[in-house]
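K.L.:
Handing you this structure, nothing more for now.
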Amino acid sequence: MNNILNEIGIENYIYLAVILFSIGVFGVLYRRNAIIVFMSIEIMLNAVNLLFVAFSTYHQDAEGQVFVFFSMAVAAAEVAVGLAILVSVFRNIGSIDIGKLKNLKG
Amino acid sequence: MSTVLIIFYILSAITLSMAFLAVFTRNPIHSAIYLVVCMMSIGGHFLLFNSQFLAIVQIIVYAGAIMVLILYTIMLMDLNKEHEVHRPRVTRLVAIILFSLTCIILILIFINSDPVAGTIDRYDNFGEDFQSIKKLGKVLLNEYLVPFEYASILLLTAMIGAVLLSKKEKPGK
Amino acid sequence: MENSLVLVLLLSPFIGFLINVFFGKQLGKTVSGALGTLAVVVSFLASIYFFVEINQTGKPISIKFFDWISLHNFKLDMGVLLDQLSLLWLLFVTGIGSLIHLYSISYMHDDEHLNKFFAYLNLFVFFMITLVVGSNLVIMFIGWEGVGLCSYLLIGFWYKNQEYNDAAKKAFIMNRIGDLGFLIGIFILGSLFSTLDFSTLKTLITSGTNANVTLLSLAALSLFIGATGKSAQIPLYTWLPDAMAGPTPVSALIHAATMVTAGIFMITRMNFLFDLVPNIQFIIAVVGAVTALVAASIGLVQNDIKKVLAYSTVSQLGLMFMALGFGAYNVAVFHVITHAFFKACLFLGSGSVIHALHHEQDMRKMGGLRKIMPITFITMMISTLAISGIPPFSGFFSKDEILMTAFHNNTILWVVASVASIMTAFYMFRLMYLTFYKEYRGTEEQKHHLHESPALLTFPLIVLAILATVGGLLNLPGNNWLNHYLAPILSATEHKEHTLGTTEYMLMAIAVAGGLVGIFMAYSKYIKQNFVPKPDAEINGFAKTLYNKYYVDEFYMSLIVKPIKSLSNFFRETLEPALGSLVYGFGTMANKMSVTGKKIHTGSIGWYLTMFTLGVCLILCYLFLF
Chain Y
1 MNNILNEIGI ENYIYLAVIL FSIGVFGVLY RRNAIIVFMS IEIMLNAVNL LFVAFSTYHQ
61 DAEGQVFVFF SMAVAAAEVA VGLAILVSVF RNIGSIDIGK LKNLKG
Chain B
1 MSTVLIIFYI LSAITLSMAF LAVFTRNPIH SAIYLVVCMM SIGGHFLLFN SQFLAIVQII
61 VYAGAIMVLI LYTIMLMDLN KEHEVHRPRV TRLVAIILFS LTCIILILIF INSDPVAGTI
121 DRYDNFGEDF QSIKKLGKVL LNEYLVPFEY ASILLLTAMI GAVLLSKKEK PGK
Chain S
1 MENSLVLVLL LSPFIGFLIN VFFGKQLGKT VSGALGTLAV VVSFLASIYF FVEINQTGKP
61 ISIKFFDWIS LHNFKLDMGV LLDQLSLLWL LFVTGIGSLI HLYSISYMHD DEHLNKFFAY
121 LNLFVFFMIT LVVGSNLVIM FIGWEGVGLC SYLLIGFWYK NQEYNDAAKK AFIMNRIGDL
181 GFLIGIFILG SLFSTLDFST LKTLITSGTN ANVTLLSLAA LSLFIGATGK SAQIPLYTWL
241 PDAMAGPTPV SALIHAATMV TAGIFMITRM NFLFDLVPNI QFIIAVVGAV TALVAASIGL
301 VQNDIKKVLA YSTVSQLGLM FMALGFGAYN VAVFHVITHA FFKACLFLGS GSVIHALHHE
361 QDMRKMGGLR KIMPITFITM MISTLAISGI PPFSGFFSKD EILMTAFHNN TILWVVASVA
421 SIMTAFYMFR LMYLTFYKEY RGTEEQKHHL HESPALLTFP LIVLAILATV GGLLNLPGNN
481 WLNHYLAPIL SATEHKEHTL GTTEYMLMAI AVAGGLVGIF MAYSKYIKQN FVPKPDAEIN
541 GFAKTLYNKY YVDEFYMSLI VKPIKSLSNF FRETLEPALG SLVYGFGTMA NKMSVTGKKI
601 HTGSIGWYLT MFTLGVCLIL CYLFLF
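Protein chains in written order, with UniProt numbering: chain Y, 1 to 106; chain B, 1 to 173; chain S, 1 to 626.
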């Protein structure tokens with residue numbers, strides 16, 4: 001069967017992943033809602049996943065996909081714990097605005 | 001322009017626009033919905049690579065599990081756009097600048113390192129489908145068996161941790 | 001048998017020290033004193049045993065206890081060497097030591113820290129024995145340091161008086177300067193010959209043709225500097241007169257009879273080295289002669305009875321060093337022994353006087369004690385005649401031999417030494433006249449309490465006076481027992497004995513005449529003219545210079561102490577604050593930086609994230625773009 005990259009080209013995927021990643025960065029910096037920040041992180045993770053799969057195809061190697069699999073597992077765990085922390089934060093200060101989490105100051 | 005390329009463009013457009021909307025929309029619920037669509041389109045990308053397993057897992061884990069979890073959390077906290085505070089202009093400006101900066105730097109790195117030049121022949125495959133579930137399963141359960149098991153332990157730990165963290169503390173403690 | 005007896009000889013005073021230190025208070029004064037005396041007497045008896053033995057066999061006893069230091073080609077044993085020289089020293093150290101211990105029982109009886117006193121005295125005897133019997137230079141150095149320590153402890157025995165403490169510190173520091181020289185000498189010899197053992201060194205040095213003469217001279221000079229410190233020679237003599245702050249028995253034992261002769265012992269021990277370096281020998285002779293003259297001239301006008309004796313000691317030590325410088329080691333040793341007898345007797349006699357006068361030491365407030373204290377007077381008179389060189393007392397023979405040696409080697413130094421001898425006769429008789437003749441010049445109340453000292457005080461005096469009388473028999477001209485006895489030690493150069501010719505008789509006559517002149521001058525001034533030294537304030541002219549000891553102390557003070565003090569002050573007041581503020585400055589700087597830097601940590605997660613992203617961008621730029 002034909003390799004998909006013959007028709008699309010890896011550079012397109014790289015551009016796509018870069019832009020997607022940057023959108024994630026933008027979201028993290030732009031929003032104050034902790035849950036949206038979380039979602040932005042997921043977007044960044046997905047951008048990286050996409051690139052992993054693209055290069056896996058490019059190098060004719062399945063290990064890239066194995067890594068994607070693991071990164072999904074880690075992302076799931078991270079979201080579970082992270083959301084639990086957010087719930088507990090919300091319970092304590094009644095908000096998940098990251099602007100209000102200022103106890104870390106020097 | 002081949003069909004595949006057209007599909008790629010359409011999917012990319014959906015992915016980027018949905019991701020952007022998810023970040024930009026002020027209502028968290030809407031954000032989450034946009035993100036679901038974004039994840040699904042990424043699953044579409046995976047399908048383009050003929051890696052069905054990952055596409056399915058992407059939809060199940062991200063669009064299914066994670067986003068549902070997030071949606072539930074949002075509903076639990078009763079968040080809506082009234083909660084969202086306007087960020088000062090400087091912050092927004094900084095965010096946009098850093099967005100462009102990251103973008104430009106990463107693309108520049110890519111252009112600098114030039115991984116594609118002269119290697120167009122290597123797109124040939126060798127008669128084997130490296131994206132198939134069969135191949136992936138063999139790699140995963142042979143070479144990566146131990147990390148695979150660790151991943152399961154990680155998920156278990158995360159589950160217990162999440163339960164413990166979100167549990168209401170008993171009064172008096 | 002010999003091994004254990006040597007250990008008894010060595011450790012008996014040390015055991016006495018331990019018992020007196022730990023149980024002295026419980027034992028009571030009499031037992032404590034008796035025990036201390038007994039410990040030294042045991043050593044004395046052991047010394048006699050060895051002395052008799054070595055007289056029969058003529059062979060030195062060398063005992064090695066164990067290997068002490070063993071480096072790859074450097075070996076040092078812990079051992080003792082009992083030869084003719086060390087036994088001679090042992091005999092008079094422990095012998096006079098026993099007498100002085102006995103004396104101290106009575107003299108120190110009123111002191112509440114009597115046990116401490118005897119502990120120190122025993123420790124001193126132990127270290128002195130170590131110094132004398134050690135088989136190599138390092139063991140000798142241990143003893144050397146140890147006697148210095150005991151000297152310090154005993155000078156400052158009445159530690160409640162700050163002046164005494166200062167005197168103790170002065171003695172210690174002066175000795176340290178000398179000790180450094182001694183150490184350097186040891187180092188040089190050790191590096192040259194890879195051994196410090198006396199017998200090995202002797203073979204190596206006497207046979208060694210490859211020895212570097214410059215280095216040997218340096219070693220000899222360093223050792224001599226060590227000797228000047230301990231034996232109170234110019235330029236390190238000023239501690240000895242101040243050391244009279246200690247109790248009188250201490251002055252007699254340590255600062256007249258034994259410890260101060262350690263330098264002479266050391267040079268005699270190392271005679272094979274000094275024989276090779278005539279330049280250094282000449283320096284020793286000159287230093288000795290000058291010291292003898294200077295100290296004698298200072299002694300002329302001192303009014304403190306013990307100070308007079310102290311300067312007399314310095315002067316006599318100078319004479320001994322002069323003899324050493326001429327290579328006449330046996331003569332020096334002879335004078336050491338006779339001097340130990342009569343000077344110990346003089347000090348103990350002065351102690352008896354001081355005891356009777358309740359710690360009055362100023363001769364201007366004495367006088368007329370002849371009838372009240374006849375035994376003290378007679379014994380002191382004998383010793384005074386001995387030190388003045390009047391025949392047939394012992395001092396005549398030893399001093400005369402020194403003068404003869406000087407005459408044969410260097411006439412100028414002979415003149416210097418003779419003048420010093422005349423001065424000696426003068427100031428000693430001045431002391432006697434002021435103390436014992438004419439009328440009592442103290443207060444009436446004191447006069448009532450005047451009494452002859454008890455038997456425990458006078459017995460040592462009598463023994464020492466007898467010894468001072470007959471001590472000359474050791475080396476009578478024509479008999480020369482001591483010369484023969486010491487011959488194995490001094491075999492390097494066969495010392496020629498003076499044949500008694502016309503020159504010698506003339507020299508003797510001159511010496512005796514000089515002594516008589518000194519006595520006559522003292523007689524005419526203090527008996528005939530009834531002269532009593534003026535109070536301190538009225539002294540003027542050259543006498544004032546003499547009375548103030550040529551201002552040597554002041555000279556040292558302004559030359560050495562004051563610059564060091566001002567340097568220290570400079571360090572303390574300028575350098576230390578500067579360094580301190582520098583160090584504190586670093587702290588303050590770090591603190592200020594932290595205070596400034598902590599403002600970056602606003603606690604705002606957005607800010608952190610922004611910075612984080614920016615940082616990632618910069619790192620990426622650095623890694624991949626530039």
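Glycine included, every Cβ here is placed at the ideal spot set by N, Cα and C.
Using a Cβ cut-off of 7 Å, which residues of the segment 152 to 170 of chain B contact any Cβ in chain Y, in chain order?
P.N.:
The residues in question are L154, L155, A158, M159, G161, A162, L165 and S166.
K.L.:
Quick check: the Cα distance between S/E554 and S/T238, rounded to an integer number of angstroms?
P.N.:
The alpha-carbon atoms of S/E554 and S/T238 are separated by roughly 11 Å.
K.L.:
Please look up how many angstroms separate the CB atoms of B/Q58 and B/M75, rounded, as I've assumed it's under 8 Å.
P.N.:
So it is not a contact: roughly 24 Å between Cβ atoms.
K.L.:
Quick one: give me the first and last residue of the beta strand (DSSP E) that S/I61 is part of.
P.N.:
Per DSSP, S/I61 belongs to the beta strand (DSSP E) from I61 to S70.
K.L.:
Please name the residues in the segment 46 to 76 of chain Y whose beta-carbon is closer than 8 Å to at least one beta-carbon of chain B, in chain order.
P.N.:
Hits within the stretch, in order: N46, N49, L50, V53, A54, S56, T57, Y58, Q60, D61, A62, E63, Q65, V66, V68, F69, F70, M72, A73, V74, A75 and A76.
K.L.:
Using a Cβ-Cβ cut-off of less than 7 Å, list which residues of the segment 1 to 26 of chain B approach chain Y; keep chain order.
P.N.:
Cβ contacts with chain Y: S2, V4, L5, F8, S12, T15, L16, A19, F20, A22 and V23.
K.L.:
Do you know whose CA, among Y/A77, Y/E63 and Y/V68, lies nearest B/L69's CA?
P.N.:
Per the Cα distances, Y/A77.
K.L.:
Using a Cβ distance threshold of 8 Å, determine whether the segment 144 to 163 of chain B contacts the segment 72 to 88 of chain Y, with at least three qualifying pairs required.
P.N.:
In short, these stretches touch, since the Cβ pair count reaches three.
K.L.:
Quick one: Cα of B/I56 to Cα of Y/L29, how far?
P.N.:
Spanning the two alpha carbons is a distance of roughly 31 Å.
K.L.:
Please classify residue 629 of chain S: is it buried, with 16 or more other beta-carbons within 10 angstroms of its beta-carbon, or exposed?
P.N.:
The first residue shown for chain S is 1 and the last is 626, placing residue 629 of chain S beyond what the model contains.
K.L.:
For Y/N46, collect the residues of the same chain with a Cβ closer than 6 Å to its Cβ; drop the 5 residues on either side in sequence, then sort them by chain order.
P.N.:
Around Y/N46: no qualifying Cβ.
K.L.:
What's the call for S/K343, buried or exposed, on a 16-neighbour Cβ count within 10 Å?
P.N.:
Buried.
K.L.:
Give the residues of chain B in contact with Y/L101, contact being defined as C-beta atoms less than 7 Å apart.
P.N.:
Ordered by position in chain B, no residue passes the 7 Å Cβ test against Y/L101, which lies about 13 Å from the chain.
K.L.:
Please compile the residues from chain B whose C-beta is within a distance smaller than 7 Å of the C-beta of S/K606.
P.N.:
The sequence as given places Gly at residue 606 of chain S; Lys does not occur at that position. Near S/G606 (Cβ distances below 7 Å), the residues of chain B are T91.
K.L.:
With respect to the alpha helix (DSSP H) encompassing S/K562, which residues constitute its N-terminal and C-terminal limits?
P.N.:
K562 to F570 is the span of the alpha helix (DSSP H), which, as asked, contains S/K562.
K.L.:
Can you give the Cα-Cα distance for S/M373 and S/L216, rounded to whole angstroms?
P.N.:
Cα to Cα, the separation comes out at about 53 Å.
K.L.:
With a threshold of 8 Å between beta-carbons, can B/Q131 be considered close to chain Y, or not?
P.N.:
Judged by the 8 Å Cβ criterion, B/Q131 is in contact with chain Y.
K.L.:
Check whether the Cβ of B/H45 sits closer than 7 Å to any heavy atom of the ligand MN, and report yes or no.
P.N.:
Ligands displayed in this structure: none; no statement on the ligand MN is therefore possible.
K.L.:
From S/F274 to S/G367, what distance separates their C-alpha atoms?
P.N.:
Near 47 Å, if we compare the C-alpha coordinates of S/G367 and S/F274.
K.L.:
Pairs of beta-carbons, one from the segment 278 to 292 of chain S and one from the segment 408 to 421 of chain S, closer than 8 Å: are there three or more?
P.N.:
The answer is yes - the segment 408 to 421 of chain S touches the segment 278 to 292 of chain S, with three or more Cβ pairs under 8 Å.
K.L.:
What residue range is occupied by the uninterrupted beta strand (DSSP E) comprising Y/V25?
P.N.:
Note, Y/V25: premise wrong, no beta strand (DSSP E); alpha helix (DSSP H) at I10 to Y30.
K.L.:
At a CB distance below 9 Å, what residues from the segment 3 to 24 of chain Y approach chain B? Give them in sequence order.
P.N.:
Listed by position along the chain: N3, I4, L5, N6, E7, I8, G9, I10, E11, N12, Y13, I14, Y15, L16, A17, V18, I19, L20, F21, S22, I23 and G24.
K.L.:
Taking the straight line between their C-alpha atoms, what separation do you get for Y/I98 and Y/R32?
P.N.:
The alpha-carbon atoms of Y/I98 and Y/R32 are separated by roughly 5 Å.
K.L.:
Strictly below 7 Å CB to CB, what residues from chain S border Y/I98?
P.N.:
Those within 7 Å of Y/I98 in chain S are I605 and G606.
K.L.:
Need the endpoints of the alpha helix (DSSP H) that S/K75 sits in, please.
P.N.:
Element bounds for S/K75: not the alpha helix (DSSP H) but the beta strand (DSSP E), K75 to L82.
K.L.:
Please report whether the beta-carbon of B/M40 lies at a distance below 8 Å from any beta-carbon of chain Y.
P.N.:
No, because no Cβ of chain Y sits closer than 8 Å to the Cβ of B/M40.
K.L.:
Taking 8 Å as the cut-off, decide whether the C-beta atoms of S/L348 and S/L309 are in contact.
P.N.:
Cβ atoms of S/L348 and S/L309: not closer than 8 Å.
K.L.:
Candidates S/M508, S/S594 and S/N55: which alpha carbon is nearest S/F407's?
P.N.:
Looking at the Cα atoms, S/M508 is the closest of the given residues.
K.L.:
What does a CB cutoff of less than 6 Å around S/H339 pick up in its chain, not counting 5 residues either side in sequence?
P.N.:
Same-chain partners within the cutoff: Q316.
K.L.:
Which same chain residues end up closer than 7 Å to Y/L86 when comparing Cβ atoms and leaving out the 5 residues on each side of it in sequence?
P.N.:
Correct list, in chain order: A34, I35 and I96.
K.L.:
Flag this pair as touching only if the segment 28 to 37 of chain S and the segment 77 to 87 of chain S have three or more C-beta atom pairs under 8 Å; answer yes or no.
P.N.:
As far as the Cβ criterion goes, the segment 28 to 37 of chain S does not touch the segment 77 to 87 of chain S, which means the pair count is below three.
K.L.:
Please report the Cβ distance between residue 631 of chain S and S/A425, rounded to the nearest whole angstrom; I am assuming they are in contact, meaning their Cβ atoms lie under 8 Å.
P.N.:
The structure shown does not extend to residue 631 of chain S, since chain S spans only 1 to 626, so no value can be given for it.
K.L.:
On a CA-only basis, which of Y/G9, Y/A54 and Y/G27 is nearest B/V94? Give me that one, please.
P.N.:
Comparing Cα-Cα distances from B/V94 to each of Y/G9, Y/A54 and Y/G27, the minimum goes to Y/G27.
K.L.:
Measure from the alpha carbon of Y/I43 to the alpha carbon of each residue in B/V4, B/F53 and B/L21, then state which is nearest.
P.N.:
Cα-wise, what sits closest to Y/I43 is B/L21.
K.L.:
Along chain S, in chain order, which residues have C-beta atoms closer than 7 Å to that of Y/V28?
P.N.:
Within chain S, the residues near Y/V28 are L609.
K.L.:
Which residues bound the alpha helix (DSSP H) around residue 663 of chain S?
P.N.:
There is no way to answer for residue 663 of chain S, as the model of chain S reaches only from 1 to 626.
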